[in-house]
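A short worksheet on the structure shown next.
Numbering (the UniProt record's numbering), first residue to last: 1 to 555.
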């Protein structure tokens, strides 16, 4: 039989059958002992914490925790702590009785109603079993307590933090995920309608007053041979002479484009070196690929020096490295990866400075904005999206999703107000950042292969695009027409870049070579009246030369 104790310590040493504690006092000592009611109960332990204080429910959770057959705790206080622990009441008593532990109660024996039970005794109307003779088990001896740590296998979840928000907070009963998706689509449609209201003219209509470009010829000046497999990436040095290229053979080579000599060669620990970049100072190169890392190698004048010994691993992704580019200094580098993220790293310490999350698939390419336009860059990936990022905040500031397939290449316009993209859908597209929309599509019905790489001329009037059909198409950016087709590669064109001074450009291909070309001559398109006048002048000059020749022979 249990002894009658005050409400502040009701039922702490209750009988072996049941222990009931009713804590109703609003004071601190009225709340706390109520939670300990029935702690030593044999068959059942019940604790009712009804005090209005924030600790009433918390103490109620402790009620019945050591009950033999069942444990029940009712926390009715409005405080945050009164709601949380009530759901986890009685886990030990239920486990000891072999019953379930979820839900906060485990009834394995009949329980007496609280109203019929004395303050510290057994339940009314129930025969009390004889007290157990002999010493108590060690776990039930007075003064000994079982550890309070929960078993790792316990299915009870940890209570949420006060003030934590759930994913379903703020949703009405009639709101579902499907309805929210449809609402998002409708909002996107309204946004497109608002953009269309501002779209009052096309780019080619504005360019009608601009003179069209004539046909021009590009001549291959050098062919760089040395890679044993597909050339995957290349970049120019700021000195307009040196080129770095990476290949599937696992080698990174620094070339002298004037003499076609190899100045440096690095063997990477893996094949498929998919990214390489020259530092702005020209004193280092960065590269990476299937090793998931971006490695920086310093360049020295000593060609016999072992560059691999000075390698510095800067970036580490969870998937392959697809692109890399130095910022305006050698101290920071930007990387893109197949793990769907871009990241900004400190070269010296290798510390992650900023990460950019938003793509839903592999990020395949990136390009930094010109230095005078701000700290932004654009990226494209397998999710068909081109996204513009702020490097300071790590947030996406603009996104464009008009391509129908993977975006393989992106390149800023020289002014920084627009960028072009090349995709596997066999099109190149121009996006104006100020208008926040696509302004031009460069495609032809005869072009059925994807565009692998794009770049602008120095003036921005020409767009060079390498395709998987082994050709390079040259587009008039303003008119949207194709002005030339360049042949020469024997496999798909994987990369191309215009030199910093705009006098030449280099292309890399799966045929294991790089080709360095320059513009041989350029003939602008003249009005028809001027053409006729020019033809007459040329014919008259030719006739005059013939007459002079025969006059000299006859004389």
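All C-beta atoms in this analysis are idealised placements derived from N, C-alpha and C, irrespective of residue type, glycine included.
(request) Give me the Cα-Cα distance between residue 313 and residue 192, rounded to the nearest whole angstrom. (result) The count along the chain shown starts at 1 and reaches residue 313 at position 313. The count along the chain shown starts at 1 and reaches residue 192 at position 192. Cα to Cα, residue 313 sits roughly 44 Å from residue 192.
(message) According to DSSP, is residue 221 part of a helix, a strand, or is it coil?
(response) One-based indexing of the chain shown puts residue 221 at position 221. Residue 221 falls in the strand class under three-state DSSP.
(message) If you measure between the beta carbons of residue 289 and residue 275, is that distance less than 8 Å?
(response) By 1-based counting over the chain shown, the position of residue 289 is 289. By 1-based counting over the chain shown, the position of residue 275 is 275. Yes. Within cutoff.
(request) May I ask you to verify whether the stretch 532 to 542 touches the stretch 485 to 496, counting CB pairs closer than 8 Å and requiring at least 3? (result) no
(message) Please list the terminal residues of the continuous beta strand (DSSP E) segment that includes residue 204.
(response) As a working note, residue 204 is residue 204 in the chain shown. Taken as a continuous stretch (DSSP letters only), residue 204 belongs to no beta strand (DSSP E), being part of the alpha helix (DSSP H) at 203 to 206.
(message) With a threshold of 7 Å on Cβ separation, who are the neighbours of residue 239 within its own chain once the five nearest residues in sequence on each side are excluded?
(response) Counting from 1 along the chain shown, the entry for residue 239 is found at position 239. Cβ neighbours of residue 239 beyond the five flanking positions: 282.
(message) With a threshold of 6 Å on Cβ separation, who are the neighbours of residue 450 within its own chain once the five nearest residues in sequence on each side are excluded?
(response) Position 450 of the chain shown holds residue 450. Excluding sequence neighbours, residue 450 sits near 424, 426 and 468.
(message) By the DSSP assignment, the alpha helix (DSSP H) with residue 461 in it spans what residues?
(response) Taking the chain shown and counting its residues from 1, one reaches residue 461 at position 461. Run containing residue 461: none; DSSP gives neither H nor E here.
(message) Since residue 378 and residue 412 should fall inside the 8 Å C-beta cutoff, what is the C-beta to C-beta distance between them, to a whole number of angstroms?
(response) Taking the chain shown and counting its residues from 1, one reaches residue 378 at position 378. Taking the chain shown and counting its residues from 1, one reaches residue 412 at position 412. Correct: roughly 7 Å between the Cβ atoms.
(message) On the CB-based measure, 16 or more other CB atoms within 10 Å of its CB, does residue 253 come out buried or exposed?
(response) The residue given as residue 253 occupies position 253 in the chain shown. Buried: at least 16 other Cβ atoms inside 10 Å.
(message) Just to confirm my understanding: we take residue 550, look at its own chain, exclude 5 residues before and 5 after, and list those with CB closer than 6 Å. What are they?
(response) Locating residue 550 in the chain shown gives position 550, where the first residue counts as 1. Around residue 550: no qualifying Cβ.
(request) Using DSSP bridges, identify the partner residues of residue 335. (result) Translated into the one-based positions of the chain shown, residue 335 becomes position 335. For residue 335, which the question treats as bridged, DSSP gives the partners 324 and 343.
(request) Using DSSP bridges, identify the partner residues of residue 294. (result) The residue labelled residue 294 in the question sits at position 294 within the chain shown. Residue 294 pairs with 288 and 315.
(request) Please state whether DSSP places residue 267 in a helix, a strand or coil. (result) Here residue 267 refers to the residue found at position 267 when the chain shown is read from its first residue. Strand at residue 267.
(message) So, for residue 400: in the same chain, excluding its five sequence neighbours on each side, which residues have a beta-carbon less than 6 Å away from its beta-carbon?
(response) Taking the chain shown and counting its residues from 1, one reaches residue 400 at position 400. Around residue 400: 386 and 431.
(message) On the DSSP bridge list, what partners appear for residue 422?
(response) For the purposes of this step, residue 422 is taken as residue 422 along the chain shown, with counting starting at 1. Bridge partners of residue 422: 409 and 428.
(message) Tell me the rounded alpha-carbon separation between residue 353 and residue 393.
(response) The sequence position of residue 353 within the chain shown is 353, counting from 1. The sequence position of residue 393 within the chain shown is 393, counting from 1. Rounded to whole angstroms, residue 353 to residue 393 spans 11 Å at the Cα level.
(message) Considering only their Cβ atoms, is the gap separating residue 347 from residue 296 smaller than 8 Å?
(response) Counting from one through the chain shown, the residue named residue 296 turns up at place 296. Counting from one through the chain shown, the residue named residue 347 turns up at place 347. In contact: residue 296 and residue 347 (Cβ atoms closer than 8 Å).
(message) DSSP three-state label for residue 231, please.
(response) Here the question's residue 231 lines up with position 231 in the chain shown. Correct three-state label for residue 231: strand.
(message) When you compare the CB positions of residue 344 and residue 410, do they come within less than 8 Å of one another, or not?
(response) On the chain shown, position 344 is the one that residue 344 refers to. On the chain shown, position 410 is the one that residue 410 refers to. Against a cut-off of 8 Å, the Cβ pair of residue 410 and residue 344 comes out as no contact.
(request) Using a threshold of 8 Å, state whether the C-beta atoms of residue 497 and residue 477 are closer than that. (result) As a working mapping, residue 497 is identified with position 497 in the chain shown. As a working mapping, residue 477 is identified with position 477 in the chain shown. No, they are not a contact pair.
(request) On the DSSP bridge assignment, give the partners of residue 261 in chain order. (result) By one-based count along the chain shown, residue 261 stands at place 261. DSSP, once it has assigned bridges, lists 256 as partnering residue 261.
(message) Please classify residue 552 as buried or exposed, where buried requires at least 16 other C-beta atoms within 10 Å of its C-beta.
(response) Indexing the chain shown from 1 puts residue 552 at position 552. With fewer than 16 other Cβ atoms within 10 Å, it is exposed.
(message) What does the alpha-carbon distance come out to for the pair residue 485 and residue 201?
(response) Start at 1 with the first residue of the chain shown, and residue 485 comes out as number 485. Start at 1 with the first residue of the chain shown, and residue 201 comes out as number 201. So the alpha carbons of these two residues sit roughly 29 Å apart.
(request) Within its chain, find whatever has a CB closer than 7 Å to the CB of residue 463; leave out the 5 residues flanking it on each side and keep chain order. (result) Taking the first residue of the chain shown as position 1, residue 463 is located at position 463. Here the set comprises 420, 428, 442, 454, 456, 475 and 477.
(request) Assign residue 573 to one of two classes, buried (16 or more other C-beta atoms within 10 Å of its C-beta) or exposed (fewer than that). (result) In the structure displayed, the chain extends from 1 to 555; residue 573 sits before or after that span and is not available.
(request) Compare the beta carbon distance of residue 388 and residue 382 with 8 Å and say whether it is the shorter of the two. (result) For the purposes of this step, residue 388 is taken as the residue at position 388 of the chain shown. For the purposes of this step, residue 382 is taken as the residue at position 382 of the chain shown. No, these two residues do not count as a Cβ contact at 8 Å.
(message) So the candidates are 436, 244 and 422; which of them puts its Cα closest to the Cα of residue 196?
(response) In the chain shown, the residue the question calls residue 196 occupies position 196. Selected option, being the one with the closest Cα: 436.
(request) Leaving aside the five residues before and after residue 483 along the sequence, list all residues of the same chain whose C-beta is less than 8 Å from its C-beta, in chain order. (result) Taking the chain shown and counting its residues from 1, the one referred to as residue 483 is at position 483. Answer for residue 483: 213, 214, 215, 216, 462, 474, 475 and 476, listed in chain order.
(message) DSSP has residue 239 in a bridge; who is on the other side?
(response) Taking the chain shown and counting its residues from 1, the one referred to as residue 239 is at position 239. None; residue 239 has no bridge partner.
(request) Would you kindly work out how many angstroms separate the C-alpha atoms of residue 403 and residue 438, rounded to a whole number? (result) Position 403 of the chain shown, counted from the first residue, corresponds to residue 403. Position 438 of the chain shown, counted from the first residue, corresponds to residue 438. Going from the Cα of residue 403 to the Cα of residue 438 covers about 10 Å.
(message) Just to confirm, is the Cβ distance from residue 234 to residue 471 under 8 Å?
(response) On the chain shown, residue 234 is found 234 positions in, with the first residue counted as 1. On the chain shown, residue 471 is found 471 positions in, with the first residue counted as 1. No, the pair does not count as a contact, with Cβ atoms beyond the cut-off.
(request) Go ahead and pull the three-state DSSP assignment for residue 210. (result) By 1-based counting over the chain shown, the position of residue 210 is 210. Correct three-state label for residue 210: coil.
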